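Structure, as structure tokens:
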Amino acid sequence: MKVARATPSAFDFRVWIEKARAIGQLREVENADPHLELGAITELNAKRRGPALLFGGFPGYHPGFRVLTGAMLNVRTLGLTMGIEENLDTMALTGRIGEKLRLIESKTADYPIEYVGDGPVMENKVAAEDIDLTIFPAPMWHELDGGPYIGTGCVHIHKDPETGWTNVGTYRVQRQSKNTVGTFISGGHHGNIIRQKYWDKNEPCPVVIVFGSHPLFLVMGGSEVPTGVDEFAWIGAIAGQRVPVIRGPITGLPIPADAEIAIEGFSSQGDLQEEGPFGEFTGYYAGGRKPETLVRVKAVYYRNDPILLGAPPCRPLHDYSYFASVLRSALVKESLRKAGIPGVKGVWVSEAGGNRLWVVTSIQQQYAGHAAQAANVAVQCRAGALMNRYSIVVDDDIDPSNSDDVIWALSTRSDPATDIDILRQCWSNPLDPMIPPAEKDRKRLWNSRAIINACRPWDRVQAKDFPPVAEATPTLLEATKKKWAWLFK
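Residue numbers (the working numbering): 10 to 498.
Here it is as structure tokens:
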């Protein structure tokens, strides 16, 4: 049954798709094989920062069932998702997203979820013995994956049994059978903390998993926000509209009314099955294959001709490295502001560094120790702490997203003997390829990180004896480009 609406929802994935088409950022692909071929096309498209790809016509599947990948590979599609549609470069977009998040923070209370009686996700309802997740074209993304992963661009919805806080998180999901899926949620993530509270009371943990939705859910579900922050309210505030949800008939959890595919189920402590390996964002199959928690699916809901959202990682650049780097950079910069660090001009969490392991912060130095302070906070705040390996601080004449600029600063403004400090036993997780398997088995999930000051030495800045940079001034360059414009077309 098709659900009619009086007004279009801001959270309808299909409206987003048509907007992407209108700006030339959507390509349709027919007859690709979900077994490896779809993943390889997606990987090649990510390397070139291409448009969103809408796959359909899968052999052996219902002709209307589709998969979309590459939702936010460039400034156009990420800007579309975040409601920022000016023509900006990456660092400008990062700054605008940071500003938007800061402005709406005080307004999130105005956007609580809106319970509705029905929605497109309820066009098809399946329960009990009729559940069959194999009807959906879940791709085998990489050659060494342990099976088809139905959830790479998915979001998990949990509710804290003690506080009532509803959390939206992104964690990978392997299809294990017609009515079970395997989940990987590492320690420290909110989804794991919440489900452990149920398990400590010998209760199963209720969960909703959404396998296709407006990309804004994926963006916010994958962002590091503090405990207690309502991602649904943030999503609503960004879109300027409350998120319509349906109360799950089985779990009571909110199900986005415009979702393409959603399941309700329960996970129980000790209910395990072998999961993985899976090609991850570090560029390795580092997690291996081991028992992970099952979700036993009690109901499946989906739209007519549903669209599964995929965001498979691999060796960077990959399907979600761009938007993850932009969002994490904006969040780290905001964390620095909240920590009282002045003079921060830009932050870039590198895609090549798995959008976690390499963070560069540019500052306008104002006092002795300023650079060290910024470098430490950048990789110990919530947004920057997990798995970081290198935190580099540069002067404000360096573009933190330009690797040539950063390497030049490292090479000419830092002294390895005095400008590198090491932090030890910092927050990591099982996907870290540098943690040996034996250490992972012992739950020794920490790493070290280098704090590198690649700013001009503060004492020499004060003494004004550091050599001037050998380049034309911006004024001269602009005048030259204007006069000789034909040379630089």
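Even for Gly, the Cβ is constructed at its ideal location relative to N, Cα and C. For clarity, every value in this text was computed on a predicted model and none was experimentally measured.
- Ranking LYS347, SER338, CYS464 by CA distance to the CA of PRO425 puts CYS464 first.
- The beta carbons of VAL306 and ARG337 sit no closer together than 8 Å.
- Separation of the CB atoms of ASN456 and ARG398 is rounded to 7 Å, and the pair is thereby assigned contact status at 8 Å.
- In this structure, the alpha-carbon of ASP414 lies about 24 Å from that of GLY292.
- Between the alpha carbons of THR175 and TRP367 lies a gap of roughly 31 Å.
- ASP408 counts as buried, since at least 16 other C-beta atoms from the protein chains shown sit within 10 angstroms of its C-beta.
- Excluding five sequence positions before and after ARG433, the CB atoms of its chain that fall closer than 7 Å to its own CB belong to SER457, given in chain order.
- In this chain, the beta strand (DSSP E) harbouring ASN133 covers 133-136.
- Beyond the five residues adjoining it in sequence on each side, ASP314 comes within less than 6 Å, by CB distance, of GLY73 in the same chain, given in chain order.
- Along the region 103-182, the beta strand (DSSP E) occurs as fully enclosed runs of 3 or more residues at 133-136, 164-168, 175-178, listed in sequence order.
- Using a 10 angstroms sphere on the CB of VAL254, the tally of other CB atoms reaches 16 or more, which defines it as buried.
- Between the region 144-151 and the region 45-60, the count of Cβ pairs shorter than 8 Å is three or higher; the stretches touch.
- Nearest neighbour of CYS214 by Cα position, chosen from ASP280, TRP25, SER195, turns out to be ASP280.
- Excluding residues up to 5 positions away in sequence, PRO286, GLY288, TYR294 lie with their Cβ nearer than 8 Å to the Cβ of LEU153 in the same chain.
- For ILE259, there is no enclosing beta strand (DSSP E), as DSSP marks it with neither H nor E.
- Residue nearest to PRO170 within the set LYS210, THR189, THR161, LYS299 is LYS210 (criterion: CA-CA distance).
- In the three-state scheme derived from DSSP, where H, G and I count as helix and E and B as strand, GLN282 is classed as strand.
- Around GLY155, the same chain offers GLY285, PRO286, ARG298 as residues with beta carbons nearer than 6 Å, after the five sequence neighbours per side are excluded.
- Straight across, the Cα-Cα distance linking TRP208 with PRO445 is about 29 Å.
- Contact annotation, GLY319 with THR51: C-beta distance approximately 7 Å; criterion of less than 8 Å satisfied.
- Assignment of beta-bridge partners to VAL368 by DSSP yields VAL358, SER400.
- Secondary-structure assignment with DSSP links GLY274 through a beta bridge to VAL216, VAL306.
- Comparing alpha carbon positions, the residue from ALA41, ARG36, GLY66, VAL76 closest to GLY59 is ARG36.
- The beta carbon of PRO322 is closer than 6 Å to those of GLU289, PHE290 in its chain, skipping five residues each way along the sequence.
- Between the region 435-453 and the region 466-484 there are fewer than three C-beta pairs closer than 8 Å, too few to call the two in contact.
- Inclusion of GLU273 and GLY107 in the CB contact set at 8 Å is not warranted, their separation being larger than that value.
- By the beta-carbon neighbour count (other beta carbons within 10 angstroms, threshold 16), THR421 is exposed.
- When the beta-carbon positions are compared, SER330 and GLU301 stay at least 8 Å from each other.
- For LEU63, the secondary structure class from DSSP, reduced to helix, strand or coil, is strand.
- Rounded to whole angstroms, the separation of the alpha carbons of LEU419 and ASN462 is 8 Å.
- Taking C-beta separations shorter than 6 Å and ignoring five residues to either side along the sequence, the partners of ARG324 in its chain run GLY292, following chain order.
- Between VAL238 and the set ALA266, SER115, ILE270, the nearest pair of CA atoms involves SER115.
- The beta-bridge partner set that DSSP reports for CYS435 consists of ASN456.
- Sorting TYR180, PRO351, THR370 by C-alpha distance to the C-alpha of VAL164 places TYR180 at the top.
- For PRO157 and PHE220, the gap between their C-alpha atoms comes out near 13 Å.
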